[in-house]
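Comments concern the structure below.
In full-length UniProt numbering, the protein residues as written are 1 to 409.
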């Protein structure tokens, strides 16, 4: 694949223009060229802030990112100090004429920190009681967002569902009493306590009867008055029971997704994908991220795609993710990208376009059959059990890929 090098970005990071011959120098009294010292590329403001060990990795994080802040160093200590600096320094070739601003959206469609006002405005326009503020440092903006009392609100590029969910369809299920059940043509032995006489076992402590469901004796019930288990009366045993038959039309699935990249932004990084439908749900997914590019952003987007792969088209679904980047890609930013032939405002190709287009295709297919697709942001690594479960599945997927790589040598 041919890669176009951002000349201005290369100059900012202290790199030579790769389209021109790279100058070399050598001591006058030696024949061998002196090896250049190792470089550390510090990205303070970019797609994934961090310290990278190659110019190509650094370029991936800053290319197409408005007002990216980055620099190369020969000392890891200097690189870390630059990245952790709280003041917003201006980049000589990329920064705007005024000081860098960070727009923090605490209450909006997708809470988070945005680099430009246009992106932030999309999150608050039409939103009830939005809360936002501009800061000159990213740290202050992130602190403002994290101070929100709620973890997030729903956002959908299809339609926001009405309040409340229709109750699940229910079906009658009549059961014969235990005394009339047959086992292999013979009458089953009566359940202790059903005849009203003193029995060998206390309620709930005897052997399970033949009609036990999920390991529970259906002939006992909790006495609310005493807080103890008791045997059901004959009237209670013969009463018609109502049971849900499964998701009804209009009910909303809630699916948690997450991506994990071990060593993200470094050589040898490896990523995994996690999708969580619920405890012990056979649809739960943990798998390595396919393809050669093992980044956290690709893992987050792939998790959305795999969730839609596993969800029937006719069922409404809410997909919960802690990646505002992934949600914005498939709900907001794609509209502008499609109009501009998948180019950013900086005239650069959109990163991860291949996955984004597949997610949009799934969403539009669901639209055609009248299904809703809602994306909801949740705060990552907090106290949401579903998010924590999806994160665990994603980490397992990354570790599985790492183990496979180790076995392959």
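C-beta atoms are modelled at their ideal positions from N, C-alpha and C, and glycine is treated no differently. For clarity, every value in this text was computed on a predicted model and none was experimentally measured.
Exercise for the section: Using three-state DSSP, classify residue 386 as helix, strand or coil. Expected result: It is helical.
Exercise for the section: Using 6 Å as the cut-off, classify the Cβ of residue 69 as near or not near the heavy atoms of the ligand MN, replying yes or no. Expected result: For the ligand MN, the structure offers nothing, since it holds no ligand at all.
Problem - First and last residue of the uninterrupted alpha helix (DSSP H) at residue 144 - result: Its alpha helix (DSSP H) spans residues 138 to 146.
Practice task
Determine the DSSP secondary structure at residue 60, reduced to helix, strand or coil.
Solution key: For residue 60, the secondary structure class from DSSP, reduced to helix, strand or coil, is helix.
Exercise for the section: Could you check if residue 368 is buried or exposed, using at least 16 other CB atoms within 10 Å of its CB as the buried criterion? Expected result: It counts as exposed.
Practice task
Determine the direct distance from the alpha carbon of residue 356 to that of residue 329, and round the result to whole angstroms.
Solution key: Roughly 7 Å between the two C-alpha positions.
Practice task
Note down the Cα distance separating residue 67 from residue 375, rounded to an integer number of angstroms.
Solution key: Straight-line Cα distance between these residues: approximately 28 Å.
Exercise for the section: Evaluate the contact criterion for the segment 97 to 117 versus the segment 133 to 151: three or more CB pairs, one atom per stretch, below 8 Å. Expected result: Segments in contact, yes.
Exercise for the section: Helix, strand or coil for residue 272, going by three-state DSSP, please let me know. Expected result: Here DSSP, grouped into helix, strand and coil, assigns residue 272 to strand.
Problem - Enclosing alpha helix (DSSP H) for residue 257 [first to last residue] - result: Looking at the DSSP string, residue 257 is not in any alpha helix (DSSP H); the run it does join, the beta strand (DSSP E), is 252 to 262.
Exercise for the section: Look at residue 231 and residue 207 and say whether their C-beta atoms are less than 7 Å apart. Expected result: The answer is no: Cβ separation not under 7 Å.
Exercise for the section: May I have the straight-line CA-CA distance separating residue 266 from residue 47, to the nearest angstrom? Expected result: The straight-line gap from Cα to Cα measures roughly 14 Å.
Handout entry: Residue range of the unbroken alpha helix (DSSP H) whose run includes residue 342
Key = That residue, residue 342, is in no alpha helix (DSSP H); it is neither H nor E in DSSP.
Exercise for the section: Could you pull out every residue in the same chain whose Cβ sits closer than 6 Å to the Cβ of residue 108, ignoring the five residues on either side in sequence? Expected result: Around residue 108: 123, 124, 127, 130.
Problem - Continuous beta strand (DSSP E) stretch holding residue 69: start and end - result: Run containing residue 69: 69 to 73, per the beta strand (DSSP E) assignment.
Practice task
Taking 7 Å as the cut-off, decide whether the C-beta atoms of residue 257 and residue 229 are in contact.
Solution key: Result no, Cβ atoms of residue 257 and residue 229 do not sit closer than 7 Å.
Practice task
May I ask you to verify whether the segment 267 to 286 touches the segment 350 to 365, counting CB pairs closer than 8 Å and requiring at least 3?
Solution key: By the C-beta criterion, the segment 267 to 286 is judged not to be in contact with the segment 350 to 365, since fewer than 3 inter-stretch pairs fall below 8 Å.
Practice task
Output the boundary residues of the alpha helix (DSSP H) element that contains residue 65.
Solution key: For residue 65, there is no enclosing alpha helix (DSSP H), since its DSSP letter is neither H nor E.
Problem - Short Cβ contact (7 Å threshold) for residue 321 with residue 296 - result: Residue 321 is not a Cβ neighbour of residue 296, given a cutoff of 7 Å.
Practice task
Report the three-state DSSP secondary structure of residue 106 (helix, strand or coil).
Solution key: Shown here, residue 106 sits in a strand according to DSSP, grouped into three states.
Exercise for the section: Would you mind stating whether residue 299 and residue 326 have Cβ atoms separated by less than 7 Å? Expected result: Contact: no.
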